[in-house]
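First comes the structure, then the notes that go with it.
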Amino acid sequence: MMTSLKKQTLSDELAERLREKIMAGQYNPGDKLPTEPELMALFEVSRSTVREAMRVLANSGWVRVQQGSGTFVETNQASSEPLYQRLKRGHEGDLEEVRELLEQKIIEKATQFRTREDIRKMRECLEERRKYAALGDTNACINADLDFHTLLACASANPVLADLYQALAIRLKESFVRRFQTVESFQETQLLHEELLECIRRRDAGKAIQILNTIVRS
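Numbering (the working numbering) for the sequence shown: 3 to 220.
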């Protein structure tokens with residue numbers, strides 16, 4: 003049965019739909035996703051939309067693309083569902099406190115273990131964040147923002163920290179959708195995010211944590 007998507011930010015919506023399927027356990031780690039033609043037919047979208055969605059998922063660590071072989075699931079959020087349910091019941095203030103503490107540890111580790119490839123992927127996310135803010139696309143800004151912080155967690159070289167943040171990011175997105183009706187906040191914190199990435203690149207954990215605290219509390 004065809005599963006058509008709304009005619010706006012199709013690649014982001016497709017990426018979100020595929021994330022939901024991974025989280026629901028329809029695709030498990032190591033599973034191969036449907037081919038480009040199959041996804042095009044299933045969601046009634048173009049090849050470029052499918053490729054952009056795969057790039058978004060790959061940049062945020064959900065899938066890996068193997069040239070000539072296909073696209074394979076990297077992350078299984080189904081195992082994080084009980085934690086997600088507990089996070090969903092939490093108050094906004096508690097959620098922000100956990101986010102701040104978790105990201106401080108992530109930054110501490112990421113400044114030690116980040117690779118050039120990590121920096122490249124995070125820079126791409128920030129470029130997308132800036133682009134979508136200029137276009138006034140709040141939902142795309144939210145996705146790019148969370149993808150950046152998820153990549154930062156993956157750069158910690160600690161899979162448990164990365165899994166915890168990915169579970170938290172699901173809850174954060176719900177909170178962000180309610181809180182941010184315009185791109186204004188994303189525009190105001192864009193430079194801070196770029197400075198944060200530069201500190202990660204320079205391995206300056208102390209300054210990076212200061213910037214993070216400003217971002218979280220803004």
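Even glycine gets a Cβ: it sits at the ideal position worked out from N, Cα and C.
Grab the span of the alpha helix (DSSP H) containing residue i for me, first residue to last.
| i | result |
| --- | --- |
| valine 52 | 49-61 |
| glycine 208 | 207-219 |
| aspartate 120 | 118-137 |
| alanine 112 | 94-115 |
| serine 13 | 12-25 |
Please list, in chain order, all residues of the same chain as residue i whose beta carbon is under 7 Å from its beta carbon, the five residues on each side excluded.
| i | result |
| --- | --- |
| glutamate 94 | Ser177 |
| cysteine 127 | Asn61, Ala146, Asp149, Phe150, Leu153 |
| glutamate 76 | Pro31, Gly63, Trp64, Val65, Arg66 |
| cysteine 143 | Arg131, Tyr134, Ala135, Val185, Phe188 |
| serine 13 | Thr51, Glu54, Ala55, Val58 |
| isoleucine 213 | Leu194, Glu197, Leu198, Cys201 |
| leucine 163 | Lys107, Ile108, Lys111, Ala155 |
| threonine 11 | Asp139, Asn141, Ala142 |
| arginine 125 | Leu199 |
Name the one or two DSSP bridge partners that residue i has.
| i | result |
| --- | --- |
| phenylalanine 150 | Looking at the DSSP assignment, phenylalanine 150 forms no beta bridge with any residue, so it has no partner. |
| lysine 34 | Phe74 |
For the beta strand (DSSP E) that contains residue i, what are its first and last residues?
| i | result |
| --- | --- |
| arginine 66 | 65-68 |
With a CB to CB cut of under 6 Å and the five nearest residues on each side skipped, what residues in its chain are close to residue i?
| i | result |
| --- | --- |
| leucine 20 | none |
| asparagine 160 | Lys111 |
| glutamate 129 | none |
| leucine 41 | Val52 |
| glutamate 105 | Leu214 |
| isoleucine 121 | Arg203 |
Taking 8 Å as the limit between beta carbons, can you name the residues of its chain near residue i, skipping five residues before and five after?
| i | result |
| --- | --- |
| leucine 174 | Leu97, Arg101, Leu148 |
| aspartate 33 | Phe74, Val75 |
| asparagine 192 | Per the sequence presented here, residue 192 reads as glutamine, with asparagine not at that position. So the list reads Leu128, Arg131, Arg132, Ala135, once near-sequence residues are dropped. |
| phenylalanine 216 | The sequence given here has threonine at residue 216, not phenylalanine. For threonine 216, where only same-chain residues beyond five positions count, the Cβ hits under 8 Å are Leu194. |
| serine 220 | Ser187, Glu190, Thr191, Leu194 |
| glutamate 18 | Asn145 |
| valine 218 | Glu98, Arg101, Glu102, Glu105 |
| glycine 72 | Lys34, Leu35, Thr37 |
| glutamine 233 | In the structure as shown, the chain begins at 3 and stops at 220. Residue 233 is therefore absent and cannot be evaluated. |
| threonine 282 | The requested residue 282 does not occur in the structure, where the chain is confined to residues 3 to 220. |
Does any CB atom of chain B fall closer than 8 Å to the CB of residue i?
| i | result |
| --- | --- |
| leucine 97 | Given the protein chain composition of this structure (a single chain), no chain B is represented. |
message: As an exercise, report each continuous alpha helix (DSSP H) stretch of at least 4 residues that is fully enclosed by the region 160-198, in chain order.
response: 161-181
- prompt: Are three or more beta carbon pairs between the region 103-117 and the region 201-216 nearer than 8 Å?
  reply: yes
- prompt: Taking three-plus beta-carbon pairs below 8 Å as touching, is the region 163-179 in contact with the region 45-52?
  reply: no
message: Counting beta carbon pairs with one atom in the region 93-109 and one in the region 163-174, are three or more of them shorter than 8 Å?
response: yes
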